[in-house]
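Chains as they are written, first to last, in the working numbering: chain A, 1 to 591; chain B, 592 to 753. Every residue gets a Cβ at the ideal spot worked out from N, C-alpha and C, and that includes glycine. All values reported here derive from a predicted model rather than from experimental measurement.
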Ligand code: SF4
Ligand code: SF4
Ligand code: SF4
Ligand code: FES
């Protein structure tokens, strides 16, 4: 049992439960303690030394992030000794750190930089002791690591281990050789890393960054030969506003579309169109698996980090994963086949750019099998293998998109809303909620229920699968048959559901697995910071938008219906299989 | 990896199946059993696969403790002091003599942190910051024994007798 204790902070009395750290106690008392390495609930390596406080009776200063309170403890957070020590500790970190903030991608968004400002560190008198230069890690399609800017706080290591249970990275070497790295320094691209980018969301410096594709996208826009189509994922509209000073949770769909139109993309389309398409294919796949005794539970496939995780760690469950491509990839193949035909444009002239909340999408777009449009046109256009082109050409993160909008000099805040172009910009509320954990499940059940019963779900909102609980469950009666579903986000939580499957004990028919905490709205490409309170607000914006949409079920999307009528014929049909489905290979780690 | 080595590692893993310093004990023994006294990548991959200890964690451990070797060691080890006293008394000369006359492998960029082994795995050459025996400069350690006032000629003779 926790008991209440009397403590003193800066000579004021407080009564607090004794199961908390000095850091927490100070925060409860409204006193700010600087921290760099600490990450609530995730990382407590106590390596930075910025959180030191004086405790009466203790000889040395104590690190507030790892010291617990106790009856009678007297804490001082603002003595000369404390201020000096914090400064010194920060100066020691800065000694080994480059000073080229102006050229740094994190400039003005950097925790280290603002900490130096906050602690009033204006000079640094310690020599740089990091002698060996570890080369930048450029092996991944999604991430980029610049060791020089790393302060070895290990937040990335802990997130990768505690939240994602991927454990791709660790601090290797010691002293001046210490650096965050993968097994034998092989690089993230050759490791078990699933490209989720959760590590870079928590990096306090510019040491970890998404691979930028901004320059390539500018060149596509500037190339008069190219017909440039942009698609934006559901989670972007609920977060990009933060980049322009809107409070978290502000939906900015109309402004986003307006900004993209101003940037002279030839078409501004919506990944939500293909999210609706995904639901139809995936819903039908589920029904077919249930009816024909196929492999169950079926697991969603739209999160490329999760796919990578399964291929690396759970090759045995690949049969359970829906064969549907992710909405991003479905969009690419539809744009370069159906839409190219419709406009009578050579598919090779079309450039498909995505804006994604996700760093793993960069990797996904480069998977060698994601060239369905090329396969489709091969014969007709007499193409050779070397002419192969990807379904999706470039992937921008939400942050990169915001950078481009700023660079283009667009006054995002004051734009009046515009609407997506037709037809691949048409979508439903079911697609909007894809961006939140539980959203794909909810959207799929809206449609599966209709397909099986011919009527609309009495209540479209499936509250049980909403919210930030790690694993959510629901059970539905569809025509006398019980359908059990589960939803997880954050790969650590996925492991529980996967263990049940491995042991043959999974009670579910359908499982949604999202790589990132909160779902796509918490993706590695989203605005920073992205703490739980912010995630909740972004999710709120999506559900609200769903509520306000006229059409809220994927099978009612008229543009998708038209696509089936004029091109695909029917869900799970021959054309669908060619363009919208894929398969997976169990790669294991280093085998 | 050949089945014999795998079998050996299996046995070692089994022996260290629980307890705190489990990984350390395991790795030490695997290194000891290795004919070249080091931990090859494939052995560590094997350990990771068999124990489910993350690859990166294992790499973190083997790079933290200096007694783990990640490159093959020679049958004999020569450590040369690169402290100031030894430098003035000619330790660089000894180093260059070895470099010139034996075919070493490894990253040879920093005199202060040398760790090289000959292609035939006979000799390992390391540099050491200071043995604390500056009066005897230049100091060389050969297979654990300290030699003071070392000269190229003497060293040559010692190596020839190996
Ligand atoms: S990481 Fe931060 S402090 Fe370092 S160069 Fe970049 S902006 Fe400046
Ligand atoms: S991207 Fe994800 S899996 Fe890769 S190192 Fe970062 S947290 Fe780990
Ligand atoms: S890469 Fe960033 S999060 Fe990781 S240890 Fe370095 S500074 Fe910390
Ligand atoms: S925050 Fe406590 S030591 Fe870094």
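Query                                                                                                                                                                             : Result
State yes or no: is the C-beta of residue 531 of chain A nearer than 6 Å to some heavy atom of ligand 4?                                                                          : no
DSSP on residue 707 of chain B, reduced to helix/strand/coil?                                                                                                                     : strand
Given that residue 648 of chain B touches chain A, what residues does it touch there, using C-beta distances under 8 Å?                                                           : 167 and 170
Please confirm if the stretch 284-301 of chain A is in contact with the stretch 319-331 of chain A, defined as three or more CB-CB distances below 8 Å between the two stretches. : yes
When you compare each of A:475, A:420 and A:272 to residue 435 of chain A by their alpha carbons, which one comes out closest?                                                    : A:272
Could you confirm whether any beta carbon from chain B is found closer than 7 Å to the beta carbon of residue 144 of chain A?                                                     : no
Taking its Cβ as the centre, do 16 or more other Cβ atoms sit within 10 Å of residue 498 of chain A, making it buried, or is it exposed?                                          : buried
Using a Cβ-Cβ cut-off of 7 Å, state whether residue 586 of chain A counts as contacting chain B.                                                                                  : no
I want to verify the contact list: residues of chain A whose CB lies under 7 Å from the CB of residue 654 of chain B, in sequence order.                                          : 172 and 173
Terminal residues of the continuous beta strand (DSSP E) containing residue 397 of chain A?                                                                                       : 394-397
Between the alpha carbons of residue 591 of chain A and residue 495 of chain A, how many angstroms are there, rounded?                                                            : For residue 591 of chain A, the predicted structure reports a pLDDT of 49, less than 50, and the residue's modelled location is therefore unreliable. A value from the coordinates is still provided. The alpha-carbon atoms of residue 591 of chain A and residue 495 of chain A are separated by roughly 21 Å.
Using only the alpha-carbon positions, how far apart do residue 261 of chain A and residue 228 of chain A sit?                                                                    : 11 Å
Take residue 126 of chain A and list the residues in its own chain whose beta-carbon comes closer than 7 Å to its own, dropping the five residues that flank it on each side.     : 91, 92 and 95
Taking just the CA atoms, how far does residue 338 of chain A sit from residue 568 of chain A?                                                                                    : 9 Å
What does residue 645 of chain B reach in chain A if we use C-beta pairs closer than 7 Å?                                                                                         : 167
Under a three-way DSSP split, which group does residue 658 of chain B fall into?                                                                                                  : coil
What residues from chain A crowd round residue 632 of chain B, counting only those whose CB sits closer than 7 Å?                                                                 : 184
How long is the line joining the alpha carbons of residue 654 of chain B and residue 315 of chain A, rounded to whole angstroms?                                                  : 30 Å
What residue from A:244, A:398, A:193 and A:33 has the CA that sits closest to residue 166 of chain A's CA?                                                                       : A:193
Distance, Cα to Cα, residue 355 of chain A vs residue 570 of chain A?                                                                                                             : 29 Å
Quick check on DSSP: helix, strand or coil for residue 714 of chain B?                                                                                                            : strand
By Cβ distance, which residues of its chain are closer than 8 Å to residue 556 of chain A, with the 5 residues on each side in sequence left out?                                 : 428
According to DSSP, simplified to helix, strand and coil, what is residue 595 of chain A?                                                                                          : With chain A represented from 1 up to 591, any question about residue 595 of chain A goes unanswered, as that position is not in the structure.
On the DSSP bridge assignment, give the partners of residue 16 of chain A in chain order.                                                                                         : A:5
Just verifying my parser: in three-state terms, what is the DSSP assignment at residue 281 of chain A?                                                                            : helix
What residues in its chain sit with their C-beta under 7 Å from that of residue 78 of chain A, if we drop five residues either side in the sequence?                              : 10
Flag residue 651 of chain B as yes if its beta-carbon sits less than 7 Å from any beta-carbon of chain A, otherwise no.                                                           : yes
Hey, is the stretch 401-415 of chain A in contact with the stretch 233-243 of chain A, meaning 3+ C-beta pairs nearer than 8 Å?                                                   : yes
Can you tell me the Cα-Cα spacing of residue 525 of chain A and residue 517 of chain A, whole angstroms?                                                                          : 13 Å
Please write down, chain order preserved, every residue whose beta carbon lies under 6 Å from a heavy atom of ligand 1.                                                           : A:97, A:98, A:100, A:101, A:104, A:106, A:107, A:110, A:112, A:113, A:149, A:205 and A:206
Just to confirm, are residue 389 of chain A and residue 231 of chain A a CB contact at a threshold of 7 Å?                                                                        : no
Would you mind stating whether residue 187 of chain A and residue 146 of chain A have Cβ atoms separated by less than 7 Å?                                                        : no
Rounded to whole angstroms, how far is the Cβ of residue 197 of chain A from the Cβ of residue 523 of chain A, which I believe are closer than 8 Å?                               : 7 Å
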